[in-house]
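Trainee: Here's a structure for you.
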Amino acid sequence: MRVLVVGLARSGNAAADVLVAEGASVAAFDRNEAIEAGRLRDLGVEVHLGREEEKLLQGIDLVVKSPGVPGETPLVASARGRGIPVWSEIELGARLLSNPMLGVTGTNGKTTTSGLLGAVFRAANRPVEVAGNVGRPLTSLVGAVDGNAWIVCELSSFQLEDVETLNPEIGVLLNLEPDHLDRHGSFDAYAAAKLRIFERQSSEDTAIVPRGFGAVPGGAIRVEFGADDALPAEPRIPGPHNRENAAAATAAARAAGISDDAIAEGLRAFPGVPHRIELVRELRGVRYVNDSKATNVAATRRALASFPGSPLHVILGGRGKAEPYAPLAAAFGSEDRGYLIGEATREIASALDSAGVPFSDAGDLGSALAAAASRARAGDIVLLSPACASFDQFEDFEARGDEFRRLVEGLT
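According to the working numbering, numbering within the sequence shown proceeds without interruption in unit steps and concludes at 444.
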């Protein structure tokens, strides 16, 4: 088989690696001419960088698409037009791994819930690997994981767009709110991509959904959860949204046969994930919190609700996702203030202004932090929770959070 891998970030590299190991003839393409591709070339991968050309599809039997590559990109669209199958890296991994899978999707909370489930499985002494959108490609586990280990797989809408056989024994939908509308075009299309996690489930599988959620595809046993559920223990991580994540994780762990004692141990021990309501430092009574992973309005609203009674200095902005910002502005308290950065400044400023929320146009992260730190007083919180993607000024949300952490550590 001759396979073309489109997109050479983490998942694309992992897909190319495993395809070579499986004996495929592999070509790879990325628009970014600056990508370091020497390692792949050493493996025998035929690497093409820069301009998309249809001739790359000559002789190709399969295209494996990285999640960051839109489905309408010319090379992918042309492949579909020629009848060439297009799989996500997740689909490739699902076909090559026989392990039981627990899939986690939703608009917000996926990484936290996946990490929490990993902690719960480990507390129960059950072999587990956490992979997918969390940062570790699913295909990187091929040949490297015990066949009896559970795989907790975080699944984004981009990854679920191009699956055909993926069928997690336990599927979790945490929530569903507008996000990535710039990519999917409509909320209905976005929701349909998310719900593909359940499409191939049978009566032997479990679908875990928020209480009162509508019908989902597939034929799995339905289990509902809510923030007011009785839990084996209260989670260590703060915020009402994290109690909801803990309820979903509890339902999923029970479906996997894990005892409440082990679930309680995991809930108490799990400290959270980097860049998600992460306390970086307290200086002169001001807490500095890194929530760079809040890349949509709903995530930032959850962050704002996590600190009742504390005046907030919120750093907002980046590359927008075609979301309205009025709901974000409505979530600000009377003592809160915004500090705006990046491409979405004008749209966010308009929403804050209409709601009477004071704000400053800071331009970049360093200027925003300096302005917020100079205004904050003991008891206040300086919160990086952008409600936007990072790609206008940073490589990804991790780089944005790391820079915030570095700047905060440098405050005197």
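C-beta atoms are modelled at their ideal positions from N, C-alpha and C, and glycine is treated no differently.
Quick one: complete alpha helix (DSSP H) runs, 4+ long, within the stretch 102-161?
Mentor: Qualifying alpha helix (DSSP H) stretches, in chain order: 106-113, 121-128, 142-155.
Trainee: Under 8 Å, with one C-beta from each stretch per pair, do the stretch 150-166 and the stretch 177-188 reach the 3-pair mark?
Mentor: Taking 8 Å as the limit for Cβ pairs, the verdict is that the stretch 177-188 does touch the stretch 150-166.
Trainee: Considering only residues of the same chain and omitting the five flanking positions on each side of residue 367, which have a CB-CB separation below 7 Å?
Mentor: Result list for residue 367: 343, in chain order.
Trainee: With 16 as the cutoff for other CB atoms within 10 Å, does residue 33 come out buried or exposed?
Mentor: Exposed: under 16 other Cβ atoms inside 10 Å.
Trainee: Compute the Euclidean distance between the alpha carbons of residue 82 and residue 130, then round it to the nearest angstrom.
Mentor: The straight-line gap from Cα to Cα measures roughly 36 Å.
Trainee: Kindly give me the distance between the Cβ atoms of residue 61 and residue 94, rounded to whole angstroms, as I take these residues to be in contact under 8 Å.
Mentor: With a Cβ gap of about 14 Å, residue 61 and residue 94 do not count as contacting.
Trainee: Between which residues of its own chain and residue 112 is the CB-CB distance below 7 Å, once the five residues before and five after are set aside?
Mentor: These residues qualify, in order along the chain: 118.
Trainee: For residue 137 and residue 179, I'd like the C-alpha separation in whole angstroms.
Mentor: If you take the alpha carbons of residue 137 and residue 179, they lie about 23 Å apart.
Trainee: Between residue 347 and residue 419, which are expected to be in contact by the criterion C-beta below 8 Å, what is the C-beta distance as a whole number of angstroms?
Mentor: Rounded, the Cβ-Cβ distance is 10 Å, inconsistent with contact.
Trainee: Are the stretch 191-205 and the stretch 224-239 touching by the rule of at least three beta carbon pairs closer than 8 Å?
Mentor: Yes, they touch.
Trainee: Can you tell me whether residue 169 is buried or exposed, with buried defined as 16 or more other CB within 10 angstroms of its CB?
Mentor: With 16 or more Cβ atoms within 10 Å of its Cβ, residue 169 is classed as buried.
Trainee: Assuming the contact rule is C-beta atoms closer than 8 Å, residue 139 and residue 208 should be a hit. Round their C-beta distance to whole Å, please.
Mentor: Correct: roughly 6 Å between the Cβ atoms.
Trainee: Would you decide whether residue 49 is buried or exposed? Buried here means 16 or more other CB atoms lie within 10 Å of its CB.
Mentor: It is buried - the Cβ of residue 49 has at least 16 other Cβ atoms within 10 Å.
Trainee: Classify residue 90 as buried or exposed, calling it buried when 16 or more other Cβ atoms lie within 10 Å of its own Cβ.
Mentor: Result: exposed.
Trainee: Mapping DSSP to helix, strand and coil, what is residue 246?
Mentor: Coil.
Trainee: Hey, quick one: how far does the beta strand (DSSP E) through residue 322 stretch, first residue to last?
Mentor: Start and end: 318-322.
Trainee: Tell me which residue opens and which closes the beta strand (DSSP E) that residue 256 is part of.
Mentor: It spans 253-257 - the beta strand (DSSP E) in which residue 256 sits, taken as one unbroken run.
Trainee: Using the Cα positions of residue 229 and residue 199, report the straight-line distance between them to the nearest angstrom.
Mentor: Distance between the alpha carbons of residue 229 and residue 199: 7 Å.
Trainee: I'd like the list of long-range same chain contacts for residue 299, defined as Cβ closer than 6 Å, with 5 residues on each side in sequence excluded.
Mentor: So the list reads 265, 267, 278, once near-sequence residues are dropped.
Trainee: If you drop the 5 nearest sequence neighbours on each side, which residues of the same chain put their C-beta closer than 8 Å to that of residue 171?
Mentor: Hits under 8 Å: 43, 46, 47, 49, 50, 121, 124, 125, 128.
Trainee: How about residue 280 and residue 444: do their beta carbons lie closer than 7 Å?
Mentor: Going by C-beta atoms, residue 280 is not nearer than 7 Å to residue 444.
Trainee: Could you have a look at residue 395 and say whether DSSP puts it in helix, strand or coil?
Mentor: Residue 395: strand per DSSP, three-state reduction.
Trainee: Work out the CA separation of residue 159 and residue 325 for me, nearest whole Å.
Mentor: Distance between the alpha carbons of residue 325 and residue 159 is about 28 Å.
Trainee: Closest to residue 104 by CA distance: which of 78, 193, 57, 143 is it?
Mentor: For the residues 78, 193, 57, 143, the minimum Cα distance to residue 104 belongs to 193.
Trainee: With which residues is residue 372 paired in a DSSP beta bridge?
Mentor: Paired residue(s): 348, 393.
Trainee: Thinking C-alpha only, which one of 99, 371, 422, 332 is nearest residue 385?
Mentor: Per the Cα distances, 371.
Trainee: Could you name the residues of the same chain whose beta carbon sits closer than 7 Å to that of residue 296, not counting the 5 residues immediately before and after it, in chain order?
Mentor: Result list for residue 296: 264, 265, in chain order.
Trainee: Please name the residue, chosen from 64, 87, 38, 308, that lies closest to residue 476 on a Cα-to-Cα basis.
Mentor: Residue 476 lies beyond the stretch modelled for the chain, which goes from 33 to 444, so this question has no answer here.
Trainee: Rounding to the nearest angstrom, what Cα-Cα distance links residue 409 and residue 422 in this structure?
Mentor: Approximately 28 Å, taken between the alpha carbons.
Trainee: By how many angstroms is the C-alpha of residue 411 removed from the C-alpha of residue 85?
Mentor: Approximately 57 Å between the Cα atoms of the pair.
Trainee: Is it right to say residue 99 is buried, meaning 16 or more other beta carbons lie within 10 angstroms of its own, or is it exposed?
Mentor: Result: buried.
Trainee: Run through the DSSP bridge pairs and tell me what residue 78 is partnered with.
Mentor: According to DSSP, residue 78 bridges with 59.
Trainee: Which partner residues of residue 35 appear in the DSSP bridge assignment?
Mentor: The partner list for residue 35 (beta bridge, DSSP) reads 58, 94.
Trainee: Check this for me: beta carbons of residue 424 and residue 375, under 7 Å apart or not?
Mentor: Yes, the Cβ-Cβ distance between residue 424 and residue 375 is below 7 Å.
Trainee: Do you know offhand how far residue 262's Cα is from residue 322's?
Mentor: Cα to Cα, residue 262 sits roughly 29 Å from residue 322.
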